[in-house]
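Here the structure comes first, spelled out in C-alpha cells, and everything after it is commentary.
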Ligand code: DHE
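In our numbering, the protein residues as written are 125 to 639.
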C-alpha cells in the first residue's frame, strides 16, 4: 500500500480516506475518468505531478525525499533546464528520466506547473514551529549514565533509509541494541551533544528529533521548516542550528528540548532572500558557519556566552552549495556546483583568498583530511565525475585527481588507518568501494561487498580497527570488515542502510570523519 505525506503531518494511508474497500475501484474509476478525458486535450499537469512526482517531491510540491518544486526554490534553475531534468533525469542524483513515460506536451505542462505559485503559499513561521514542538519526556528526569552495557563512545547510529528507521549498534560486539522509527527521509549526518549522550536528526521535510543514547528514548521533536538542509550542534551543547531551504531561514533551537529560541530569515546584505546550503559548527571558533545558496555570503554566528545570533557577513566570490573546513577551522573550502569550481575563504580575515580547481561537483561535506609528508591534505569525492580531488591545505594546489570506477558520494578514514575508503555510488560499478593509500594516493584495493548491489558509505570504530560498510539496497546489509586485513567479520541484513556515525569519532571531530 502506498503511503503519502499530508501537507504538514506524518504519513497517512491512501486508503484512510473513507472509501469502503469494495467501492474503491469504482470510486477511483470515477475520479480518474475526467482526467483521462482531459488528458486527450491538454495534459493535466496537476494529475501528472500527483502520479509521477509527488512520491518524492511531496504533497503540494513542498518537498520530501526530493527537493521542493516551487518558484521559491527553483530560482536558480531555468525552465528549459527543468524540462531537460524531467526528460533525461539528473545525473548523480536520485532523479530518474521520464522520457519513456511522458511525452513532450506533458513535460511542458509539468514544467509550467512547477513554476506556478503554490495554491497554499508555503509558510512555516514561529507559531507553526512552536505548535509542532513535542517534548515527550524531560531528560532531567532520566538517568544520566548509560542504561546499557555497551561502550557509549563506541556506539554507532545507523540510518536505515529503506524503511525510515534508526539502529543503535554496539561497536564492539556489532549487535543492534535497539531500533526505532525515524521521521521520513532523514538526510545529512545526525549530530551529537559534546558528551555523546544526545543525538539530533534532521529529515528533509523539516522535522528535528532529539534522542537519548543513555536511555534509548526519544526526547523531543520539532518541525523547524518545510524543507530542511541540515543541522549543527554548538560545541557547548546549548544550541541546535537548523538550515532551511523553505522558508529560507535559520532556526535556533534550545538543544535541551528543541524549543524554538530564534528564527533568522536568511537575507543577503541587499535584502535578497536566500536558501541555506549548509550549516556546521566550528568548535575552536565557538561559532556556527552558514553557507547561503542564493546570495554570495557566508555567515558566522558566534554562540558563546549569551549569544544574539547576529550574523557576521563575509562576502564570497560565488554562490555556495557545500563546504568543509581546514583542521584548525580557520579556512573554509567551498564549492559552487554551477560554477564547477571552489574557493577558499579565510574566516579570520573575512575574505576569499584562493580559487581551487574542483570540476567534478564535489560533495565537500564528505571530504576528509589527513597528513602526508608532514602536510595536511584534503580529499573529496565528486558526484558528477569518477575522480577523487586531492588538495594541499597550505598552498591550495591540486595534488592529484585519482580516477575511480564511477562518481562517488562519501569518503572516510581514521588516524589509525592507512586507507581512505570511498564509494562508487553511480553507474554500472556502483557495487565497488576503493581503498586509497593515504601516502601514495594510489588505489590499493577495490572491494565488491555484494556484487550487483550499491556499496556506499563507511564508518570506522572509535579505535579504527574495524570498518562498517553499507550495502544500500532493499536486501542490503551492514558489513563489518577488519580495517587492516580487510577480512569480513560480520554481515547484518538491513533495508538500504545509509549513513553510520560512530559516537566517539563524531564528538571528537576525529581525523577522517565528516563534520
Ligand atoms: Fe547528501 C550529507 C548535500 C544528495 C545522503 N549531503 C550531506 C551534507 C550536505 C549534502 C551539504 C552534509 C550535511 C551534514 O551532514 O550535516 N546531498 C547533498 C546534496 O546537495 C545532494 C547532492 C542533493 C540533494 O538532494 O540535496 C545530496 N545525499 C544525497 C543523496 O541522494 C543521498 C545519497 C541519499 C539521501 O539520503 O538523500 C545523500 N548526504 C547523505 C548522507 C550524508 C549526507 C548519508 C551524511 C554523510 C556523513 O557521513 O556525514
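In this text, a Cβ means the ideal position worked out from N, Cα and C, and glycines have one as well. The structure presented is a predicted model; accordingly, all values stated were derived computationally and were not measured.
Three-state secondary structure (DSSP) of residue i
i: residue 637; result: coil
i: residue 203; result: helix
i: residue 535; result: strand
i: residue 631; result: helix
i: residue 383; result: coil
i: residue 373; result: strand
i: residue 265; result: helix
i: residue 244; result: coil
i: residue 146; result: Any reading at residue 146 needs caution, since the residue's pLDDT is 27, under 50, leaving its predicted position unreliable; the model's value is listed next. Of the three classes helix, strand and coil, the one that applies to residue 146 here is helix, per DSSP.
i: residue 194; result: coil
i: residue 579; result: strand
i: residue 590; result: strand
i: residue 439; result: strand
i: residue 446; result: strand
i: residue 488; result: helix
i: residue 221; result: coil
i: residue 626; result: strand
i: residue 597; result: coil
i: residue 472; result: coil
i: residue 212; result: helix
i: residue 394; result: coil
i: residue 378; result: strand
i: residue 156; result: For residue 156, the predicted structure reports a pLDDT of 39, less than 50, and the residue's modelled location is therefore unreliable. The matter cannot be settled from this model.
Limits of the alpha helix (DSSP H) - the one that residue i falls within
i: residue 254; result: 250-256
i: residue 230; result: 228-238
i: residue 170; result: 169-172
Beta-bridge pairing of residue i - partner residues as DSSP gives them
i: residue 547; result: 557
i: residue 333; result: 325, 345
i: residue 502; result: 493, 515
i: residue 354; result: 367
i: residue 508; result: Paired residues: none, contrary to the question.
i: residue 479; result: 467
i: residue 621; result: 284
i: residue 389; result: 373
i: residue 570; result: 558
i: residue 584; result: 591
i: residue 411; result: 406, 426
i: residue 186; result: Answer is none; residue 186 lacks a bridge partner.
i: residue 316; result: 323
i: residue 279; result: 294
Where the beta strand (DSSP E) through residue i begins and ends
i: residue 563; result: First-last for residue 563: undefined, no H or E at that position.
i: residue 181; result: Not the beta strand (DSSP E): residue 181 falls in the alpha helix (DSSP H), residues 178-181.
i: residue 290; result: 289-294
i: residue 459; result: 455-460
i: residue 427; result: Premise fails: residue 427 is in no beta strand (DSSP E) and is neither H nor E.
i: residue 616; result: 612-618
i: residue 541; result: No beta strand (DSSP E) holds residue 541; DSSP gives it neither H nor E.
i: residue 602; result: 600-606
i: residue 303; result: 300-305
i: residue 403; result: 400-406
i: residue 417; result: First-last for residue 417: undefined, no H or E at that position.
i: residue 525; result: 522-527
C-beta neighbour in chain D for residue i, strict 8 angstroms
i: residue 274; result: Note that chain D does not occur in the displayed structure, where there is just one protein chain.
Legend entry - the stretch 350-366 in contact with the stretch 404-419 per 3-pair CB rule at 8 angstroms: Yes, the stretch 350-366 touches the stretch 404-419.
Inset, instruction - Please determine if the stretch 555-564 and the stretch 265-278 are in contact, where contact requires at least 3 C-beta pairs separated by less than 8 angstroms. - result: No, they do not touch.
Legend entry - Given 8 angstroms, three or more beta-carbon pairs between the stretch 242-255 and the stretch 273-281: No, the stretch 242-255 does not touch the stretch 273-281.
Legend entry - Contact the stretch 209-229 vs the stretch 320-332: 3+ CB pairs below 8 angstroms: Of all C-beta pairs linking the stretch 209-229 to the stretch 320-332, fewer than three are shorter than 8 angstroms, placing the two stretches out of contact.
Inset, instruction - State whether the stretch 459-478 contacts the stretch 489-503, with contact taken as three or more CB pairs (one from each stretch) at a distance under 8 angstroms. - result: In short, these stretches do not touch, since the Cβ pair count stays below three.
Inset, instruction - Kindly confirm or deny that the stretch 313-327 and the stretch 604-619 touch, where touching means at least three C-beta pairs closer than 8 angstroms. - result: Touching, no, given that fewer than three Cβ pairs across the two stretches are closer than 8 angstroms.
Inset, instruction - Could you say if the stretch 370-377 and the stretch 439-459 meet the contact criterion of at least three C-beta pairs nearer than 8 angstroms? - result: They do not touch, by the three-pair rule.
Legend entry - Cβ contact (3+ pairs, closer than 8 angstroms) linking the stretch 584-604 and the stretch 493-504: Contact fails: fewer than three Cβ-Cβ distances are below 8 angstroms.
Inset, instruction - Give a yes or no on contact between the stretch 622-632 and the stretch 282-292, applying the rule of three or more CB pairs nearer than 8 angstroms. - result: With the cut-off at 8 angstroms, the stretch 622-632 and the stretch 282-292 touch.
Inset, instruction - Say whether the stretch 399-410 touches the stretch 375-382, bearing in mind that this needs 3 or more beta-carbon pairs closer than 8 angstroms, one atom from each stretch. - result: No: the two stretches stay apart, fewer than three of their Cβ pairs being nearer than 8 angstroms.
Inset, instruction - May I ask you to verify whether the stretch 591-607 touches the stretch 568-576, counting CB pairs closer than 8 angstroms and requiring at least 3? - result: The stretch 591-607, when compared against the stretch 568-576, does touch it at the 8 angstroms Cβ threshold.
Legend entry - the stretch 448-467 / the stretch 428-437 touching (three or more Cβ pairs under 8 angstroms): Taking 8 angstroms as the limit for Cβ pairs, the verdict is that the stretch 428-437 does not touch the stretch 448-467.
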